[in-house]
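In my numbering, the protein residues as written are 21 to 402. Encoded as structure tokens, the structure appears first; notes follow it.
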Amino acid sequence: MIAPDRMELCEIRMPLREPFRISSGVTDTRRALLVRLRDRDGAEGWGECVAGERPHYSPETVDTAWLAITQWIAPLVLGRDFPAPADLYDLLDRSMRGHRMARAAVEMAAWDLAARCDGVSLSELLGGTRSTVSTGISLGLQRAPDRLAELAKEAVHTGYRRIKVKIAPPRDRTELEAVRGVIGGDFPLSADANAAYGPEDTEHLIQLDAFGLTMLEQPFESDDLLRHAVLQRRLTTPICLDESISSPARAADMIALHSGRIINIKPGRVGGHTAARAIHDLAAAHDVHVWCGGMLETGIGRAHNVALASLPGFEFPGDLSPSARYWQRDIVDPAWTMNDGALTVPRGRPGIGVDVDLDYVDHCTVRREQVHSTDPDTGREA
Ligand code: OSB
Ligand code: MG
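In structure tokens:
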């Protein structure tokens, strides 16, 4: 049972070591919204919202999530008892539409809280079985194909088990050629378009089959399940959907329509671990592959992704780079490190398995708000 009683929201700013550019925009300083959920006994759980600074990847942003959490989500969940985090997910799902990134930040904090109260690791509570999760790197758009090739080569030497490159027309083929030139024809390589193409690019996309990609991620707009299905019929390369899969229902639609063969699961995008696990189970039942994506998370969001990726269905390496790839200094202790192309799942520690460096979080914080449960009769703090 969990009984969340109050929460603290803080927005931190973390400069990325290198700006990260995708077809829909660039991030140089990550604004991250952290949720610290607490119960009456002082137990706590942490979550991180994956919404971006601007509505490029999805309609949600840090600011819409802040509003959604303080105005609607917190009043719903604080001061109530939940037998399990899935019940908190169900309440939110029944009570509001959209705002899944905002909901996920709170729902995932609830999973951490539940795991800590039970004295088990989040991985165990979720049903994870792996003690390590393999890692792939996601390389942003670069100023020149040579630079991209250089980074790809470096990534192979660092031990990454898969390379994903961001692509956009018109340089996609030159870039993939340059990367294949340095990593060879067999090294696992995928490409992520972040919806940079449209159905009119179909003939062009079919030519990308020549690069032997493990998958082509999100070529079309997120709403375009039907057009993805039409494209998949003509493409040998499996389509992987990311932005399109906003919920278990959209995953079911993708499977029914054959809009792709692989799903990039990000718990922070779909409403949290409950929905992420439902998608994982649904995919397994339909021979669809899944893997765990990333959203340039700090060490807290990464801990959640690592725990989820320890579930048996996560076969492909995840976008789960070590802390040092993104940050000069991460907000968790220990920071995430990569050994032999994998991160270790902290299964011996309760909850997310890393400590939050409160002093450093304070140092990075630009906005903070406390929300308490209120008495439904008086509207006053309970
Ligand atoms: O499409 O997977 C994506 C980062 C921000 C927004 C969208 C995406 C990404 C990544 C980064 O690919 C993956 C990572 O966190 O390393
Ligand atoms: Mg993606």
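By construction, the Cβ of each residue, glycine as well, lies at the ideal position given by its N, Cα and C atoms. These figures come from a predicted structure and were not determined experimentally.
How about Gln-21 and Leu-57: are their beta carbons less than 8 Å apart?
Inspection of the sequence shows that residue 21 is occupied by Met rather than by Gln. Result no, Cβ atoms of Met-21 and Leu-57 do not sit closer than 8 Å.
Going by DSSP, what residues sit across from Leu-29 in a beta bridge?
Val-55 and Glu-389
For the ligand MG, I want to know if Gln-466 counts as a neighbour, meaning its beta carbon is within less than 7 Å of at least one of the ligand's heavy atoms.
As shown, the chain starts at 21 and ends at 402. That puts residue 466 outside it, with no answer to give.
Decide if Ser-330 is buried, meaning its Cβ has at least 16 other Cβ atoms within 10 Å, or exposed.
buried
Give the list of continuous alpha helix (DSSP H) stretches no shorter than 4 residues that lie fully inside the region 217-248.
222-227
Please tell me whether Gly-65 and Ser-393 are closer than 8 Å, where the distance is taken between their beta carbons.
no
Count the other CB atoms, across all protein chains shown, that sit within 10 Å of the CB of Asn-325; report buried if there are 16 or more and exposed otherwise.
buried
Quick check on Asn-359: does DSSP put it in helix, strand or coil?
strand
Does DSSP classify Val-82 as helix, strand or coil?
helix
Just confirm the distance between the C-beta atoms of Ala-52 and Thr-318, as a whole number of angstroms; I'd bet it's less than 8 Å.
5 Å
Name the DSSP bridge partner or partners of Asp-375?
Asp-353
Taking the beta carbon of Asp-212 as the centre, do at least 16 other beta carbons fall within 10 Å, making it buried, or is it exposed?
buried
Counting Cβ pairs, one atom from each stretch, are 3 or more of them under 8 Å apart for the region 42-50 and the region 71-83?
yes
What three-state label does DSSP hand Ile-187 in the structure shown?
coil
Nearest-angstrom Cα distance between Val-140 and Gly-373?
9 Å
On a Cα-Cα basis, can you pick out the residue from Gly-291, Tyr-346, Pro-354 and Val-308 that is closest to Phe-336?
Val-308
Spatial neighbours of Gly-291 within its chain, please: C-beta separation below 6 Å, excluding the five flanking residues on both sides.
Arg-120, Arg-123 and Ala-124
Asn-325 - DSSP class collapsed to helix/strand/coil
helix
Consider the C-beta atom of Asn-214 and the heavy atoms of the ligand MG; say whether any pair is separated by less than 7 Å.
yes
Are the Cβ atoms of Leu-225 and Leu-246 separated by less than 8 Å?
no
Which word fits Thr-234, buried or exposed, when buried means at least 16 other C-beta atoms lie within 10 angstroms of its C-beta?
buried
Is it buried or exposed for Gly-62, if we count other Cβ within 10 angstroms and need 16 for buried?
exposed
Do Ile-187 and Val-199 have their beta-carbon atoms positioned less than 8 Å apart in this structure?
no
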